[in-house]
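Colleague: Below you'll find the structure I mean.
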Amino acid sequence: MTTSQIPAGLETPSDKPKRWDFSRDAVTPGRLTAWGAELACASALVAPLADIPWEAGAAAGVVCTGAAVIYEKAKGSWRRVMVARASSWLATTGWLSYALATRPTLLTMVIGVSTWAAGAAVNISMDKWGEQTREAEKEFQRRLAQGEEIAKAQQGWAKLLYDICGIEGAVADPIVDKWPSGVGETVKITLPAHMNIDALRGYEAELAGALHLPKGGGVAFSAGGPEVPRNVVFIAITRKNMMSGAIAYPKLTPTTINKPVGFGVVGNGAEAGLNLKDEGFIAIGAQGSGKTALMKTLGLGLTRCLDALVWDMDTSAKMSAVFVNPYLRYGIGVPLIDWPATNEDECRLMVQAARAIIAARKTEYSDLLEDEDVDNLPATAEIPAIHIRVDETKSMPDDVLEGIDFIIEEGRSVNVRVSNTGLRATRDYITAAMDELTPGRIGLRTNNASELDMLFPGFGAPDMAIFTDPGTVVYMSATKGPFQPAPAKAYATMAEAFTEGTEDYSRMQTLFMDAARQLSDIRPDLDEVSARAAGLAYGQRWARCIPNLRGDAHGNVSAERMHESVWELYQSWPTPVSYDVLLGRAIDEDGDTVTAHGPSMAIPRLTETMLDDDELERAAAQDAAIELAKTKVAPKSNDQLAVELFASLGRPVKPSEVYPLMVKAGYDKSERTFRDLCARLSLQNKLVKGDDGTYAAVESGEVPHAAGRVPGPEDDPDGRGDDAHQ
């Protein structure tokens, strides 16, 4: 950086341009007076040559001395500066008077000039020294004033803690940590040596009131890390209502469960998160507190992990639906929730499978643990962690609750974790094992403050004034931190939380659809050891769960409730083994338990290993057509691309084979049925339909067994069915 690029006022003395007059700032009237006096003195030095009386030299010296003193006094210089300047001019005056009285020789004049030069140098340096000392004096005064303010603030904190908490002798650190978000700050307090953070517990509301904090703001205490002395406490002060409004869920970037799973924002702008690899959590909140929205947010965080599977015990289906409907209704990607259990028997099967997986992982991965020299199984994409979320624990039957307790106790070392939610923090909702072995805690608004007191035992109920909006939480972790209840605002994932027409509103409308598109490719598969141990309870889960999720009250499911590709896949599966057989409740004629037999029914992932050579060539041709469609200056229309993809397969095909290729090419209109897609793209006259449900492009020369027109909207007495299903 050149000196011309340095902002004004930030130059160092070496950065500033040099001047012949040795000055550093603009010429002031005071400096003109001083320089004029110095010029008068210089002129008086020639007085002996001009036969001027010695009184003239003495008068010139007096003028210079007086001017120097007046100048320095006007500038507010220290007394020693004025004395130094006056002394230098008096010395010059003394020589001048002597020279005029004794008719100096050339040698006398040389001495005089030297004396004058020395005096001028002293005066110039005094000018600069005066500025520096004056600046130092101002800095001293500023620091003195700042010290008075710090002392006043420290006295204020000491008085506040004495008046509110009865603590005498507390000292506030002079450095206050202002939050980048601008909504508050953190103050470090050193308590008397015999006290710790427990001395402040329960005083959050009183301190917030004394500090005149608004609702939604507040005070929270923290003991800091392990290196911080016990009598040091950090007080986080939120001075604005950070709990109002909604915070949109951030980008759907892939992550790992080995890092904290974020679910919201704390007051200083940092992300609130829990380490769900090493711990589960308990979330408690009354109806309308935002608990279901919180579980959706935490679910999104877990599904972004490329080394974690999510299983849900969700008999209300509220928690899981948004994660599986993009696949079931629109055929997008794969279900983001690996196993949604929506009835009691399915929950029993999940417990049974989890217990078998825990036993298998402990034995069959023992060599891996020894080789890695670790106590707990690492979470990787090849051996993913399994996180089971239980919605409304009280709704689970007793045998399921017993199984959940077993999983909590035994699954920790092999990455099988459980998290629970409930309306209350009583034993009806939280068992003893859950309470003792689940270090993560999330509290939302409750109808009784004592509920949160039970959720955070030993810490006291948080200040209820912070719960101004749904999605406001207080959270902690007894093992990973924060080690005390800390307030946070959970991310919002639903469009209704935002103003219609805004960017956040539009993004939230398609958030879970976008998640299915972006995250399906990174979803891991259950490792072979675990899948084998889980058996058909796991292998046939989707054949059982699809009717539970998309069927009527009696479990009857029809094509209108699913995407065509899902419906065709579901119809191709054989009837799954019954719950009675899988749970060991079925008895044969001899009184023996019926053994479960049958094939697993997985949702396929298209890979090159599934294709033969001819299909690989066609796949390459399809990829080329897709890339051309995306990069061509005048891209193909959607109907042209659909027809070309039908023709590229070279045979009559089902629409479920073509639709994923269109999505890959950038087609993002999600259709309920292929009939709707054909109507939108005007393909009625470009495809022919066979009686086996296949279609072929007219141009391909391949005609199905019985040709027919693709149905149009006029064939549907109820219209195209774009409205949501009732």
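Each position in the sequence shown, counted from 1, maps to that position plus 19 in the numbering used here.
Idealized CB from N, CA, C, for every residue including glycine.
What residue range is occupied by the uninterrupted alpha helix (DSSP H) comprising Thr-322?
Modeller: As a working mapping, residue 322 is identified with position 303 in the sequence shown. Note, Thr-322: alpha helix (DSSP H), 310-322.
Colleague: Quick one: complete alpha helix (DSSP H) runs, 4+ long, within the region 357-418?
Modeller: 363-383, 385-391
Colleague: Just verifying my parser: in three-state terms, what is the DSSP assignment at Leu-530?
Modeller: Working through the sequence shown from its first residue, we reach residue 530 at position 511. Helix at Leu-530.
Colleague: Taking the beta carbon of Gly-288 as the centre, do at least 16 other beta carbons fall within 10 Å, making it buried, or is it exposed?
Modeller: Within the sequence shown, the letter at position 269 stands for residue 288. With fewer than 16 Cβ atoms within 10 Å of its Cβ, Gly-288 is classed as exposed.
Colleague: Suppose the cutoff is 6 Å on Cβ atoms and the five residues either side in sequence are ignored; what does the same chain contact list for Ile-356 look like?
Modeller: One-based indexing of the sequence shown puts residue 356 at position 337. Answer for Ile-356: Val-329, Asp-331, Ser-339, Phe-342, Val-343, listed in chain order.
Colleague: Alpha carbons only, please: which of Lys-310, Leu-396, Ala-373 is nearest the one belonging to Val-437?
Modeller: Start at 1 with the first residue of the sequence shown, and residue 437 comes out as number 418. Distances from the alpha-carbon of Val-437 to those of Lys-310, Leu-396, Ala-373 put Ala-373 closest.
Colleague: From what residue to what residue does the alpha helix (DSSP H) around Arg-348 run?
Modeller: In the sequence shown, counting from the first residue as 1, residue 348 sits at position 329. Looking at the DSSP string, the run of the alpha helix (DSSP H) that includes Arg-348 is 340-349.
Colleague: If contacts are defined as beta-carbon pairs under 8 Å, then Ala-516 and Leu-313 qualify, I think. What distance do you get, rounded to the angstrom?
Modeller: As a first step, residue 516 is located in the sequence shown; it is residue number 497 there, counting from the start. As a first step, residue 313 is located in the sequence shown; it is residue number 294 there, counting from the start. Contact doesn't hold; Cβ gap of about 12 Å is too wide.
Colleague: At 4 residues or longer, and completely inside the region 528-581: list those alpha helix (DSSP H) runs for me, N to C.
Modeller: Segments of the alpha helix (DSSP H) lying fully in the region 528-581: 530-538, 547-553, 555-558, 560-569.
Colleague: Do you know offhand how far Gly-228's Cα is from Ile-254's?
Modeller: For the purposes of this step, residue 228 is identified with residue 209 of the sequence shown, where counting begins at 1. For the purposes of this step, residue 254 is identified with residue 235 of the sequence shown, where counting begins at 1. Straight-line measurement puts the Cα of Ile-254 at about 14 Å from the Cα of Gly-228.
Colleague: Measuring only the C-alpha atoms, how far is Pro-623 from Leu-680?
Modeller: Indexing the sequence shown from 1 puts residue 623 at position 604. Indexing the sequence shown from 1 puts residue 680 at position 661. If I take the Cα positions, the gap works out to 15 Å.
Colleague: Taking the alpha-carbon of Lys-337 as reference, which of Pro-403, Lys-315, Glu-455 has the nearest alpha-carbon?
Modeller: Working through the sequence shown from its first residue, we reach residue 337 at position 318. When only C-alpha atoms are compared, the closest one is Lys-315.
Colleague: Between which residues of its own chain and Val-251 is the CB-CB distance below 6 Å, once the five residues before and five after are set aside?
Modeller: For this step, residue 251 is matched to residue 232 along the sequence shown. When the five nearest sequence neighbours on each side are left out, the beta carbons in the same chain lying within less than 6 Å of the beta carbon of Val-251 are those of Thr-209, in order along the chain.
Colleague: Taking 7 Å as the limit between beta carbons, can you name the residues of its chain near Gly-309, skipping five residues before and five after?
Modeller: For the purposes of this step, residue 309 is identified with residue 290 of the sequence shown, where counting begins at 1. For Gly-309, where only same-chain residues beyond five positions count, the Cβ hits under 7 Å are Leu-463, Pro-489, Gly-490, Ala-509.
Colleague: Under 8 Å, with one C-beta from each stretch per pair, do the region 359-371 and the region 557-566 reach the 3-pair mark?
Modeller: yes
Colleague: Any idea if Ala-556 is buried or exposed, counting beta-carbon neighbours within 10 angstroms, 16 or more meaning buried?
Modeller: Position 537 of the sequence shown, counting from 1, holds the residue named residue 556. Ala-556 comes out buried.
Colleague: Is Met-330 helix, strand or coil when you go by DSSP?
Modeller: Looking up residue 330 in the sequence shown gives position 311. One detail in the question is off: residue 330 reads as Trp in this sequence, not Met. Trp-330 falls in the strand class under three-state DSSP.
Colleague: Where does Leu-180 sit, in a helix, a strand or coil, going by DSSP?
Modeller: Here residue 180 refers to the residue found at position 161 when the sequence shown is read from its first residue. Note: Leu-180 maps to helix in three-state DSSP.
Colleague: Taking the C-alpha atoms as reference points, what is the distance between Thr-322 and Arg-542?
Modeller: Numbered from 1 along the sequence shown, position 303 holds the residue referred to as residue 322. Numbered from 1 along the sequence shown, position 523 holds the residue referred to as residue 542. About 7 Å.
Colleague: Let me know if Ser-496 comes out buried or exposed under the rule of 16 or more other beta-carbons within 10 Å of its beta-carbon.
Modeller: One-based indexing of the sequence shown puts residue 496 at position 477. Result: buried.
Colleague: Reducing DSSP to helix, strand and coil, say where Asp-611 ends up.
Modeller: In the sequence shown, counting from the first residue as 1, residue 611 sits at position 592. Secondary structure of Asp-611 (DSSP, three-state): coil.
Colleague: Measure the alpha-carbon distance for Ala-360 versus Tyr-384 and round it to whole angstroms.
Modeller: Translated into the one-based positions of the sequence shown, residue 360 becomes position 341. Translated into the one-based positions of the sequence shown, residue 384 becomes position 365. If I take the Cα positions, the gap works out to 27 Å.
Colleague: Is the CB-CB distance between Ala-291 and Val-284 below 8 Å?
Modeller: Numbered from 1 along the sequence shown, position 272 holds the residue referred to as residue 291. Numbered from 1 along the sequence shown, position 265 holds the residue referred to as residue 284. Judged by their CB atoms, Ala-291 and Val-284 are nearer to each other than the 8 Å cut-off.
Colleague: In this structure, how does DSSP classify Arg-436 when only helix, strand and coil are distinguished?
Modeller: The residue given as residue 436 occupies position 417 in the sequence shown. Three-state result, Arg-436: strand.
Colleague: Closer than 8 Å is the cut-off here; do at least three beta carbon pairs connect the region 400-412 with the region 569-585?
Modeller: no
Colleague: At the level of alpha carbons, what is the spacing between Met-216 and Asn-434?
Modeller: Position 197 of the sequence shown holds residue 216. Position 415 of the sequence shown holds residue 434. In the sequence on display, residue 216 carries Ile and not Met. If I take the Cα positions, the gap works out to 33 Å.
Colleague: Name the DSSP beta bridge partners of Pro-506, please?
Modeller: On the sequence shown, residue 506 is found 487 positions in, with the first residue counted as 1. Answer is Val-493.
Colleague: Mind the definition here: the region 230-239 touches the region 256-267 only if three or more C-beta pairs lie below 8 Å; say whether that holds.
Modeller: yes
Colleague: How big is the Cα-Cα spacing for Gly-731 and Leu-702?
Modeller: Sequence index remark: in the sequence shown, residue 731 carries index 712 (1-based). Sequence index remark: in the sequence shown, residue 702 carries index 683 (1-based). Reliability fails at Gly-731, whose pLDDT of 45 lies under 50, so the model's placement of it is uncertain and the value that follows must be treated cautiously. Between Gly-731 and Leu-702, the C-alpha separation is close to 9 Å.
Colleague: Please state whether the Cβ-Cβ distance between Leu-538 and Thr-512 is less than 8 Å.
Modeller: The count along the sequence shown starts at 1 and reaches residue 538 at position 519. The count along the sequence shown starts at 1 and reaches residue 512 at position 493. No, the Cβ-Cβ distance between Leu-538 and Thr-512 is not below 8 Å.
Colleague: Excluding the five sequence neighbours on either side, which residues of its own chain have a C-beta within less than 6 Å of the C-beta of Gly-203, listed in chain order?
Modeller: Position 184 of the sequence shown, counted from the start, is the residue given in the question as residue 203. Result list for Gly-203: Ile-256, Thr-257, Arg-258, Gly-286, in chain order.
Colleague: Note down the Cα distance separating Arg-43 from Val-82, rounded to an integer number of angstroms.
Modeller: On the sequence shown, position 24 is the one that residue 43 refers to. On the sequence shown, position 63 is the one that residue 82 refers to. Its pLDDT being 39, under 50, Arg-43 is placed unreliably by the model, and the measurement read from it follows with that caveat. In a straight line, the C-alpha of Arg-43 is about 25 Å away from that of Val-82.
Colleague: Give me the residue from Leu-219, Arg-220, Ala-212 with the minimum Cα distance to Arg-249.
Modeller: Looking up residue 249 in the sequence shown gives position 230. Ranking the options by Cα distance to Arg-249, first place goes to Ala-212.
Colleague: Along the chain, where does the beta strand (DSSP E) that runs through Leu-706 open and close?
Modeller: As a position in the sequence shown, residue 706 is number 687, starting the count at 1. Its beta strand (DSSP E) spans residues 706-708.
Colleague: Taking buried to mean at least 16 other C-beta atoms within 10 Å of its own C-beta, is Ile-423 buried or exposed?
Modeller: Numbered from 1 along the sequence shown, position 404 holds the residue referred to as residue 423. Buried.
Colleague: Indicate the three-state DSSP secondary structure (helix, strand or coil) for Phe-282 in the structure shown.
Modeller: Counted from its first residue, the sequence shown places residue 282 at position 263. Note: Phe-282 maps to strand in three-state DSSP.
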